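**Q** Mind having a look at this structure? Questions to follow.
Residue numbers (full-length UniProt numbering): 1 to 644.
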């Protein structure tokens with residue numbers, strides 16, 4: 001059943017309900033006049049202007065000119081006798097009875113000049129019209145490139161020097177065990193296969209179609225080729241020691257990544273993928289270009305916050321700054337997982353640029369949410385940015401809601417556990433989620449359902465599987481000495497999500513699975529049976545491994561890696577599959593950027609040592625981009641000034 005996808009694919013936060021489509025098809029009318037016709041219009045206007053100047057020249061008897069070598073500059077001349085004034089007074093150079101002959105000469109000279117200009121323009125027009133369409137396009141492109149370069153120079157503002165946070169555990173991560181090291185090397189080889197094919201067939205495009213072997217894009221990036229895979233994958237390349245590939249990506253970013261384009265993009269997606277990816281690459285490598293590019297993009301996102309409530313639009317045009325929301329989102333509402341997943345990146349932008357605007361924007365969102373009533377203590381997924389009221393009462397820890405809760409916890413962690421306000425909001429939200437959304441199936445599987453208008457839907461999405469890792473990450477610091485409880489809850493969610501993989505033919509998990517009518521952890525609808533290289537289950541395995549060192553998590557991760565290698569690998573990269581319950585599945589022909597940014601990174605870290613990007617020094621954004629903890633002396637918390 002090929003129903004249109006309800007939402008564009010995101011790194012995690014928005015579900016895609018059609019295995020055949022990775023996003024809405026992005027149609028745009030290309031009603032463009034030919035270059036020659038545009039050129040003719042311009043020339044016609046110029047010629048008309050010339051003829052107008054020729055036939056409507058002012059009468060020379062009423063004008064004089066400055067004789068300063070500027071032949072065309074005229075000033076009004078008032079005859080003092082006609083005006084009844086004494087002919088004395090100030091005399092402009094050249095004025096006098098002998099001037100009449102000279103005036104005629106000047107007029108004739110001017111007429112001749114216009115004729116010459118007219119003939120020259122006509123000759124140039126004839127020459128241009130002799131050029132081929134390709135030559136005209138090349139000339140136009142040259143002019144566009146020149147303008148773009150000028151804009152780039154204008155945008156390259158120097159940033160203030162700031163102290164770099166203490167960075168630990170950014171090299172090697174050798175696990176020691178030869179068997180584990182062999183698995184890690186295999187993950188690196190998979191990364192190289194994905195990258196090399198993108199490099200060959202989709203370079204500069206946002207993503208890759210690995211079967212068609214050409215570039216691919218979705219409407220979350222507008223109509224622009226912004227190299228999303230390059231920016232998203234760069235820190236994974238660095239972490240895996242693929243430094244030649246990293247340098248190729250850096251060179252492309254230096255020369256080609258341009259945000260002064262007329263493109264309408266998802267604020268959420270470009271924040272987590274682009275700003276998050278650029279910041280992580282900057283902190284890992286120390287290369288200033290990544291910080292500068294992140295600052296340029298962040299500035300382009302600020303107009304999205306120009307709403308009556310300060311809750312940002314979902315989309316913004318990078319050139320015009322005009323924002324709007326998705327048409328399907330509950331009567332023009334903004335989405336919780338989108339406007340609630342900006343905090344980490346924006347706090348780092350204020351830290352690096354010295355501009356408090358980024359920090360103030362995300363703190364304003366927090367204050368708005370704190371003022372609002374929450375039905376049953378739950379945060380609905382939709383909030384209208386014009387009225388400040390909730391939209392449809394739908395609450396989910398999967399798509400539309402998930403990373404909002406994740407960023408409450410991670411705001412606390414990133415602040416070196418000093419942002420108590422964020423921690424309290426997280427604890428209160430999780431308490432309500434556990435009370436109203438978390439249930440056990442008749443078969444003993446713990447799952448997280450969705451709350452829709454007072455009713456619990458007993459369905460869990462692949463996106464929701466990240467929550468197992470979140471519960472484990474937030475266990476330490478829980479209220480009422482509940483650390484053990486939340487670590488156990490994380491383990492139960494990890495087990496349920498593993499079952500969703502294990503009960504398929506391909507040993508890869510479906511997009512959504514039910515716990516109803518005797519079915520458990522199994523997809524029912526055809527358009528929920530696909531796997532698009534998503535990372536959430538493997539993400540939870542990694543967090544659970546770090547906190548428990550239970551070997552089953554490495555085993556489960558290796559099973560998933562083998563299934564991806566067997567069923568998703570093609571000669572041109574890696575592709576999602578449309579039915580995980582079929583022994584001969586159809587490919588969707590998309591290599592998602594998040595496969596390189598998240599899925600392969602989490603697998604690589606799963607088979608690395610714990611001192612590699614340790615969790616007390618690094619916090620991973622929702623696209624798996626590691627950002628360093630900002631200690632109190634360097635950070636921007638409630639009531640503190642921005643470090644400059």
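Glycine residues also receive a C-beta, built at the ideal position from the N, C-alpha and C atoms.
Every value quoted in this text rests on a predicted model; they were computed, and no experiment measured them.
From the DSSP secondary-structure annotation, give me the bridge partner or partners of residue 315.
**A** The partner list for residue 315 (beta bridge, DSSP) reads 266, 324.
**Q** So who's on the other strand from residue 507, going by DSSP bridges?
**A** Per DSSP, none; premise fails for residue 507.
**Q** Answer with buried or exposed for residue 73, where buried requires no fewer than 16 other C-beta atoms within 10 angstroms of its C-beta.
**A** Confidence at residue 73 is low in this model, with a pLDDT of 34, below 50, so the placement of that residue should be treated as unreliable; the coordinate-derived value is given next. Burial call: exposed.
**Q** So, are the CB atoms of residue 626 and residue 168 less than 9 Å apart?
**A** no
**Q** Tell me the rounded alpha-carbon separation between residue 475 and residue 488.
**A** 9 Å
**Q** Is the CB of residue 539 under 9 Å away from at least one CB in chain D?
**A** Absence of chain D from the displayed structure is noted, only one protein chain being present.
**Q** Let me know the beta strand (DSSP E) ranges lying completely inside the stretch 206 to 250, each 3 residues or longer, listed in chain order.
**A** 207 to 209, 214 to 216
**Q** Is it the case that the Cβ atoms of residue 309 and residue 386 are separated by a distance below 9 Å?
**A** yes
**Q** Alpha carbon to alpha carbon, what distance is there between residue 212 and residue 227?
**A** 18 Å
**Q** Return the Cβ separation of residue 530 and residue 461 in integer angstroms, given the expectation that the two are a contact with Cβ distance under 8 Å.
**A** In fact, because the Cβ distance is near 12 Å, the residues do not count as touching under 8 Å.
**Q** With a threshold of 7 Å on Cβ separation, who are the neighbours of residue 339 within its own chain once the five nearest residues in sequence on each side are excluded?
**A** Only 311, 312, 365 meet the Cβ criterion.
**Q** With H, G and I counted as helix, E and B as strand and the rest as coil, what does DSSP make of residue 372?
**A** coil
**Q** In the DSSP assignment, find the alpha helix (DSSP H) that holds residue 291 and state where it starts and stops.
**A** For residue 291, the uninterrupted alpha helix (DSSP H) run begins and ends at 288 to 301, by DSSP.
**Q** Using a Cβ-Cβ cut-off of 6 Å (strictly less than) and excluding sequence neighbours within five positions of residue 452, which residues of its own chain qualify?
**A** 394
**Q** Is it a yes or a no for the stretch 515 to 530 touching the stretch 479 to 494, going by three-plus beta-carbon pairs under 8 Å?
**A** no
**Q** Taking DSSP's pairing of strands, which residues face residue 512 in a bridge?
**A** 461
**Q** Does residue 397 pass the burial test, meaning 16 or more other C-beta atoms within 10 Å, or should it be called exposed?
**A** By the C-beta density criterion, residue 397 is buried, having at least 16 other C-beta atoms within 10 angstroms.
**Q** What residues match up with residue 569 in a beta bridge as DSSP calls it?
**A** 574
**Q** Okay, do the stretch 194 to 203 and the stretch 604 to 620 touch, 3+ Cβ pairs below 8 Å being the bar?
**A** no
**Q** Short of 6 Å in beta carbon distance, which residues of its chain neighbour residue 345, apart from the five on each side in sequence? Order them along the chain.
**A** 271, 275, 276
**Q** So, residue 202 versus residue 214, is the Cβ gap smaller than 9 Å?
**A** yes
**Q** Could you tell me the alpha carbon to alpha carbon distance between residue 560 and residue 131, rounded to whole angstroms?
**A** Rounded to the nearest angstrom, the two C-alpha atoms are 58 Å apart.
**Q** Mind checking who residue 619 pairs with in its DSSP beta bridge?
**A** 627
**Q** Helix, strand or coil: which one does DSSP assign to residue 473?
**A** DSSP places residue 473 in helix when its eight states are reduced to three.
**Q** Between residue 484 and the rest of its own chain, which residues show a CB-CB distance below 7 Å, the 5 nearest in sequence each way excluded?
**A** Correct list: empty, nothing qualifies.
**Q** Start and end of the beta strand (DSSP E) containing residue 439?
**A** 438 to 440
**Q** If we ignore side chains and look at the alpha-carbon of each, how far apart do residue 464 and residue 524 end up?
**A** 17 Å
**Q** State yes or no: is the C-beta of residue 350 within less than 9 Å of the C-beta of residue 384?
**A** no
**Q** Along the chain, where does the beta strand (DSSP E) containing residue 538 start, and where does it finish?
**A** Looking at the DSSP string, residue 538 is not in any beta strand (DSSP E); the run it does join, the alpha helix (DSSP H), is 536 to 548.
**Q** Mapping DSSP to helix, strand and coil, what is residue 171?
**A** coil
**Q** Name the DSSP beta bridge partners of residue 447, please?
**A** 439
**Q** Helix, strand or coil for residue 395 per DSSP?
**A** strand
**Q** Report buried or exposed for residue 116, applying the criterion of at least 16 other Cβ atoms within 10 angstroms of its Cβ.
**A** exposed
**Q** Taking 8 Å as the cut-off, does the stretch 531 to 539 touch the stretch 592 to 602 (at least 3 CB pairs, one atom from each stretch)?
**A** yes
**Q** Please list the terminal residues of the continuous beta strand (DSSP E) segment that includes residue 413.
**A** No beta strand (DSSP E) contains residue 413, which is instead part of the alpha helix (DSSP H) from 402 to 414.
**Q** Please report the residue range of the beta strand (DSSP E) in which residue 520 lies.
**A** Its beta strand (DSSP E) spans residues 519 to 522.
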